[in-house]
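Undergrad: Got a structure here, written out as structure tokens. Questions coming.
There are 2 protein chains.
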Amino acid sequence: MARARETRKKILDVAEEAVLVKGFDATSIDEIVASAEITKSGFFYHFRDKNALARALIERHIEVENQLFDDLFARARDLSDDPLQSVLIGLKLLAELIENMPDGHPGCIVATAAYQDRLFDSDVREVNRRAVLGWRRRFRTMFDAVAGCYPMNDPVDLDHLSDMVSSVIEGGIIMSRAVGEPQITAQQIMLLRSYIKLLFSPAVQ
Amino acid sequence: MARARETRKKILDVAEEAVLVKGFDATSIDEIVASAEITKSGFFYHFRDKNALARALIERHIEVENQLFDDLFARARDLSDDPLQSVLIGLKLLAELIENMPDGHPGCIVATAAYQDRLFDSDVREVNRRAVLGWRRRFRTMFDAVAGCYPMNDPVDLDHLSDMVSSVIEGGIIMSRAVGEPQITAQQIMLLRSYIKLLFSPAVQ
DNA sequence: GCGGTACTGTACTTGCGGTACGGTTCTGGA
DNA sequence: TCCAGAACCGTACCGCAAGTACAGTACCGC
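Just so you know, the protein sequences line up as chains A and B, in that order. Under this note's numbering, think of the first position of the first sequence as 24, with each following residue one higher. Under this note's numbering, think of the first position of the second sequence as 24, with each following residue one higher.
Okay, here's the thing in structure tokens:
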């Protein structure tokens with residue numbers, strides 16, 4: 024039981040590392056079992072197929088990411104009582120976090136899933152969908168609080184604005200990968216921060 | 024000669040359609056040759072391997088996209104002499120264009136390449152890189168013109184701002200795919216437009 | 001020490017990318 | 001009109017990765 028959990032974790036660990044570096048389909052099961060020091064039979068004992076691995080990988084990844092967001096924006100709220108300021112601080116912390124990752128952001132598994140649609144079954148896509156909608160709700164709550172204190176300098180939909188956080192992060196990751204400039208993602212987040220600042224700041228500063 | 028070009032075009036056409044729907048690796052060569060009504064031998068006569076197909080696909084896609092951007096922003100410049108206004112008009116036209124596509128944006132091959140890194144050789148990645156850097160230069164020119172007329176309400180790097188256009192588009196495509204809401208990409212572009220408006224507008228409107 | 005959990009080992013099937021190579025059809029130019 | 005080369009076709013094959021099947025085995029709590 025405890026042993027099974029450990030093995031499963033080891034599989035997910037080595038798989039996650041490989042997938043973030045090379046992509047999902049470029050990571051073979053043979054390779055995973057070699058790194059995890061088990062056999063192919065052992066792998067299929069824990070996962071029905073590669074789809075099940077993908078699903079577990081996404082679910083775990085999303086959990087970790089949510090925890091990270093929770094901590095980060097909780098800290099940001101600690102640093103300021105003002106909703107706008109705490110959002111701005113949170114985004115700044117996020118940008119710094121991503122910037123300080125050695126080889127840039129490890130990449131987001133969600134995007135991989137979105138772009139390799141037919142590679143995964145509907146179950147995987149549904150997990151992915153829920154995660155993104157969860158982010159929308161998360162940021163929507165924050166922007167609602169901000170909009171409660173400050174008038175908007177340009178009337179925009181707050182759901183769309185919430186989506187923009189995820190959108191800019193995902194887009195930034197793609198850009199940094201495409202041109203090989205790891206700092207791009209952090210830069211893009213800072214631009215989003217600039218937008219939010221201009222959108223809600225009563226006086227242009 | 025002319026026959027060869029036609030066959031090659033047909034291969035690229037059917038491949039592009041399949042790739043945009045299912046992803047690159049989920050599209051088999053057997054499937055492509057069946058749709059193009061040729062044989063496997065015929066396929067490999069035109070392309071050394073699947074990498075060569077990917078490269079040709081990306082190159083063609085980028086050309087078409089550049090042409091589209093050229094036309095769109097040329098039209099935007101026709102509609103207003105003011106650099107800021109023409110950028111805002113261009114983005115609005117772009118958002119409308121994407122919104123009016125039947126099943127949302129067909130998806131961007133560049134992102135696929137960026138996320139399936141190891142699937143492609145360095146040649147393909149280089150083509151991809153040049154395309155993204157080309158977009159940076161394109162939008163940088165436009166923002167330089169805007170910054171020449173209007174002071175910025177928040178001092179940001181214009182290269183980063185130029186990247187944000189591509190970034191928001193790519194991120195928007197991912198988001199719309201992930202949650203199955205095709206209109207997201209257009210919404211995100213409109214938010215970018217809102218940012219640029221606030222960033223350069225002398226008076227908050 | 002017994003039964004289930006957690007695997008190992010071996011052998012096999014299927015599908016895809018890619019190779020090899022001889023044969024065939026079409027086409028433009030001397 | 002004929003012929004060289006370009007543009008394919010047909011078939012057979014290889015290697016790799018996903019996945020199946022199934023018998024055997026080590027460990028672990030009761």
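C-beta atoms are modelled at their ideal positions from N, C-alpha and C, and glycine is treated no differently. Since the model is a prediction, treat every value here as computed from it, not as a measurement.
May I ask you to report which of helix, strand or coil DSSP gives B/N151?
TA: Within the second sequence, the letter at position 128 stands for residue 151 of chain B. Reduced to three states, the DSSP call for B/N151 is helix.
Undergrad: With 8 Å as the limit, tell me which residues of the segment 167-197 of chain A have their beta carbon closer than that to any beta carbon of chain B; keep them in chain order.
TA: N176, D177, V179, D180, H183, L184, D186, M187, S189, S190, V191, I192, E193, G194, G195, I197
Undergrad: What are the start and end residues of each continuous alpha helix (DSSP H) run of 4 or more residues lying completely inside the segment 25-104 of chain A, in chain order?
TA: Every alpha helix (DSSP H) stretch that sits fully inside the segment 25-104 of chain A and reaches 4 residues is listed by chain position as 25-45, 52-58, 63-69, 73-102.
Undergrad: Can you tell me where the alpha helix (DSSP H) with B/P106 in it begins and where it stops?
TA: Here residue 106 of chain B refers to the residue found at position 83 when the second sequence is read from its first residue. Start and end: 106-122.
Undergrad: Can you check whether the CB of B/H84 is closer than 8 Å to the CB of B/R21?
TA: With chain B covering 24 to 228 only, the question about residue 21 of chain B has no answer from this structure.
Undergrad: Looking at the structure shown, is B/D182 part of a helix, part of a strand, or coil, going by DSSP?
TA: Here residue 182 of chain B refers to the residue found at position 159 when the second sequence is read from its first residue. Helix at B/D182.
Undergrad: In this structure, how does DSSP classify A/L214 when only helix, strand and coil are distinguished?
TA: Counting from one through the first sequence, the residue named residue 214 of chain A turns up at place 191. Reduced to three states, the DSSP call for A/L214 is helix.
Undergrad: Can you find a CB in chain A that lies within less than 8 Å of the CB of B/K220?
TA: For the purposes of this step, residue 220 of chain B is taken as residue 197 along the second sequence, with counting starting at 1. For B/K220, the answer is yes, since a Cβ of chain A falls inside 8 Å of its Cβ.
Undergrad: Taking the alpha-carbon of B/C131 as reference, which of B/H183, B/R100, B/S190 has the nearest alpha-carbon?
TA: Residue numbering aside, residue 131 of chain B sits at position 108 when the second sequence is read from its first letter. Nearest of B/H183, B/R100, B/S190 to B/C131, Cα basis: B/S190.
Undergrad: With a threshold of 16 other CB atoms inside 10 Å of the CB of B/P178, please say whether the residue is buried or exposed.
TA: Along the second sequence, read from residue 1 onward, the residue named residue 178 of chain B stands at position 155. Label assigned to B/P178: exposed.
Undergrad: Could you give the distance in angstroms between the alpha-carbon of B/A170 and the alpha-carbon of B/N151?
TA: Translated into the one-based positions of the second sequence, residue 170 of chain B becomes position 147. Translated into the one-based positions of the second sequence, residue 151 of chain B becomes position 128. Whole-angstrom Cα-Cα distance: 29 Å.
Undergrad: Would you tell me roughly how many angstroms separate the C-alpha atoms of B/F67 and B/E54, rounded to the nearest one?
TA: On the second sequence, position 44 is the one that residue 67 of chain B refers to. On the second sequence, position 31 is the one that residue 54 of chain B refers to. Going from the Cα of B/F67 to the Cα of B/E54 covers about 14 Å.
Undergrad: Leaving aside the five residues before and after A/D186 along the sequence, list all residues of the same chain whose C-beta is less than 7 Å from its C-beta, in chain order.
TA: As a working note, residue 186 of chain A is residue 163 in the first sequence. Closer than 7 Å at the Cβ level, and outside the excluded window around A/D186, lie R159.
Undergrad: Using only CA atoms, which one of B/H128, B/I219, B/G203 lies nearest to B/D167?
TA: Walking along the second sequence from the start, residue 167 of chain B turns up at place 144. When only C-alpha atoms are compared, the closest one is B/I219.
Undergrad: Do the segment 195-203 of chain A and the segment 200-213 of chain B touch if we need at least three Cβ pairs shorter than 8 Å?
TA: no
Undergrad: Evaluate B/R148 with the Cβ neighbour count: other Cβ atoms within 10 Å of its Cβ, from every protein chain shown; 16 or more gives buried, anything less gives exposed.
TA: Here residue 148 of chain B corresponds to residue number 125 of the second sequence, with the count starting at 1. By the neighbour-count criterion, in which a residue is buried when 16 or more other Cβ atoms sit within 10 angstroms of its Cβ, B/R148 is buried.
Undergrad: Round the Cβ separation of A/E193 and B/G194 to the nearest angstrom and send it over; I've been treating them as touching at under 8 Å.
TA: In the first sequence, counting from the first residue as 1, residue 193 of chain A sits at position 170. In the second sequence, counting from the first residue as 1, residue 194 of chain B sits at position 171. About 4 Å separates the two Cβ atoms, so the contact holds.
Undergrad: Could one say the Cβ of B/R152 lies closer than 8 Å to chain A's Cβ atoms, at least one of them?
TA: Here residue 152 of chain B corresponds to residue number 129 of the second sequence, with the count starting at 1. So, interface residue.
Undergrad: Output yes if chain B places a C-beta closer than 8 Å to the C-beta of A/I207; else output no.
TA: One-based indexing of the first sequence puts residue 207 of chain A at position 184. Closer than 8 Å to some Cβ of chain B, the Cβ of A/I207 qualifies, so yes.
Undergrad: Just tell me which of A/V188, A/K33, A/V42, A/V37 has its CA closest to the CA of B/Y138.
TA: Numbered from its first residue, the second sequence carries residue 138 of chain B at position 115. That would be A/V42, whose Cα lies nearest to the Cα of B/Y138.
Undergrad: Check the Cβ-Cβ distances between A/V227 and every residue of chain B, and say whether any is below 8 Å.
TA: For the purposes of this step, residue 227 of chain A is taken as the residue at position 204 of the first sequence. Since pLDDT at A/V227 reaches only 47, below the 50 mark, its modelled position is unreliable, and the value read off the structure follows with that caveat. By this cut-off, A/V227 is an interface position.
Undergrad: Check whether the Cβ atoms of A/A134 and A/L116 sit closer than 8 Å, and answer yes or no.
TA: Stepping through the first sequence from its first residue, residue 134 of chain A is reached at position 111. Stepping through the first sequence from its first residue, residue 116 of chain A is reached at position 93. Not closer than 8 Å, so no.
Undergrad: When the Cα atoms are used, what is the spatial distance from A/E29 to A/R78?
TA: Working through the first sequence from its first residue, we reach residue 29 of chain A at position 6. Working through the first sequence from its first residue, we reach residue 78 of chain A at position 55. Their Cα atoms are separated by approximately 18 Å.
Undergrad: Straight-line CA distance for B/G65 to B/A27?
TA: Reading the second sequence from its first residue, position 42 is the one you call residue 65 of chain B. Reading the second sequence from its first residue, position 4 is the one you call residue 27 of chain B. Each residue's CA atom was taken as its position, placing B/G65 and B/A27 some 10 Å apart.
Undergrad: Residues in the segment 87-110 of chain A with C-beta within 8 Å of chain B's C-beta atoms, listed in sequence order?
TA: none
Undergrad: Who are the Cβ neighbours of A/L215 in its own chain at under 6 Å, not counting the five residues just before and after it?
TA: Position 192 of the first sequence holds residue 215 of chain A. Answer for A/L215: V191, listed in chain order.
Undergrad: State yes or no: is the beta carbon of B/L117 nearer than 8 Å to at least one beta carbon in chain A?
TA: One-based indexing of the second sequence puts residue 117 of chain B at position 94. Cβ-Cβ to chain A under 8 Å: no for B/L117.
Undergrad: In three-state terms, what does DSSP make of A/E193?
TA: Taking the first residue of the first sequence as 1, we reach residue 193 of chain A at position 170. A/E193: helix per DSSP, three-state reduction.
Undergrad: Out of B/R153, B/L111, B/A59, state which residue places its alpha-carbon closest to the alpha-carbon of B/M165.
TA: Along the second sequence, one-based indexing puts residue 165 of chain B at 142. Closest option to B/M165, Cα to Cα, is B/L111.
Undergrad: Between the Cα of A/E40 and the Cα atoms of A/K73, A/L80, A/N74, which residue gives the shortest distance?
TA: Counted from its first residue, the first sequence places residue 40 of chain A at position 17. The shortest C-alpha separation from A/E40 is found at A/L80.
Undergrad: Any Cβ of chain A within less than 8 Å of the Cβ of B/L156?
TA: Translated into the one-based positions of the second sequence, residue 156 of chain B becomes position 133. Yes - at least one Cβ of chain A is within 8 Å of the one on B/L156.
Undergrad: Return yes when the Cβ of B/D180 is within less than 8 Å of the Cβ of B/R163, no when it is not.
TA: Stepping through the second sequence from its first residue, residue 163 of chain B is reached at position 140. Stepping through the second sequence from its first residue, residue 180 of chain B is reached at position 157. No, these two residues do not count as a Cβ contact at 8 Å.
Undergrad: Just checking: is the beta-carbon of B/L120 within a distance shorter than 8 Å of some beta-carbon in chain A?
TA: For this step, residue 120 of chain B is matched to residue 97 along the second sequence. Closer than 8 Å: no.
Undergrad: Are the beta-carbon atoms belonging to B/A57 and B/K33 less than 8 Å from one another?
TA: On the second sequence, residue 57 of chain B is found 34 positions in, with the first residue counted as 1. On the second sequence, residue 33 of chain B is found 10 positions in, with the first residue counted as 1. Going by C-beta atoms, B/A57 is not nearer than 8 Å to B/K33.
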